[in-house]
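Following my numbering, the numbering of the sequence shown begins with 1392 at its first residue and continues without gaps. The beta carbon of each residue, even a glycine, is placed where N, CA and C say it ideally should be. For reference, the structure is listed below as C-alpha cells.
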Amino acid sequence: PLALSPGAIKRGLPQFGTLGSGNHYLELQVVDEVFDKEAATAMGLVKGNICVMIHCGSRGLGHQLCTDYLQTMEATMKRQGISVPDRQLCCVRASSPEGEQYLPGMAAAA
C-alpha cells in the first residue's frame, strides 16, 4: 500500500473483482493447430484443447500508478542515461531506489 498514492487506491478500490470494459475480455478458445511444439508442451497444450483467455489489465489502478510515477521515472532516466522514443515507455533500473519503490506498486496493481 505504501507504493500506491491515495488517488490510486481510491480509483482502484471500486474495480476489484471486475473484468472491466473497453478492450478487456474473457474468451473461450480451441487449439486448432500447434505451431511451436516445445512451447505448447511446456504449457500443457495439445490440439483440441479448450482454453480460456482473459485480458483485464489493472484498469484505473494501473493507469493511476503509471501517472503517479511517470515524472519520477523521467527524471531518474535522465540521471541514469536512459532514453526512449516515447515517454510512455519510461523505465528505470529495478535496483535503483525508484525501481524498488515502483515494483511493489506494480505488484499491487496486478
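- In three-state DSSP terms, what is I1376? Here the chain comprises residues numbered 1392 to 1501, so residue 1376 is not present and cannot be evaluated.
- Over the uninterrupted beta strand (DSSP E) stretch that includes E1418, give me the two end residues. By 1-based counting over the sequence shown, the position of residue 1418 is 27. Residues Y1416 to V1421.
- Item | Cβ pair A1394, A1499 closer than 8 Å | In the sequence shown, residue 1394 corresponds to position 3, counting from 1. In the sequence shown, residue 1499 corresponds to position 108, counting from 1. Yes. Within cutoff.
- Query: How should T1505 be labelled, buried or exposed, when 16 other C-beta atoms within 10 angstroms of its C-beta is the threshold for buried?
  - Reply: Residue 1505 is absent from the model: the chain starts at 1392 and stops at 1501.
- Message: Looking only at its chain, what residues have a beta carbon closer than 6 Å to the beta carbon of E1489, apart from the 5 residues adjacent to it on each side?
- Response: In the sequence shown, the residue the question calls residue 1489 occupies position 98. Within the same chain, E1489 has close Cβ partners T1463, T1467 and V1483.
- Message: Could you tell me the alpha carbon to alpha carbon distance between Q1420 and M1497, rounded to whole angstroms?
- Response: Start at 1 with the first residue of the sequence shown, and residue 1420 comes out as number 29. Start at 1 with the first residue of the sequence shown, and residue 1497 comes out as number 106. Going by the C-alpha atoms only, they are around 29 Å apart.
- Task: Could you tell me whether the stretch 1399-1411 touches the stretch 1434-1453, using the rule of 3 or more Cβ pairs below 8 Å?
- Result: By the Cβ criterion, the stretch 1399-1411 is in contact with the stretch 1434-1453, since at least three pairs of Cβ atoms, one from each stretch, lie closer than 8 Å.
- To the nearest angstrom, report how far apart L1461 and C1481 are at their CA atoms. Position 70 of the sequence shown, counted from the first residue, corresponds to residue 1461. Position 90 of the sequence shown, counted from the first residue, corresponds to residue 1481. Annotation: L1461 to C1481 spans about 7 Å, alpha carbon to alpha carbon.
- Leaving out five residues on either side along the sequence, give the residues of the same chain with a beta carbon under 8 Å from the beta carbon of K1438. Translated into the one-based positions of the sequence shown, residue 1438 becomes position 47. Correct list, in chain order: V1422, D1423, E1424 and V1425.
- DSSP bridge partner residues for H1446 (one or two, in chain order): For this step, residue 1446 is matched to residue 55 along the sequence shown. Partner(s): Y1416.
- Message: Quick check: what's the CA-CA separation for G1408 versus I1445?
- Response: Against the sequence shown, residue 1408 aligns to sequence position 17. Against the sequence shown, residue 1445 aligns to sequence position 54. Going by the C-alpha atoms only, they are around 13 Å apart.
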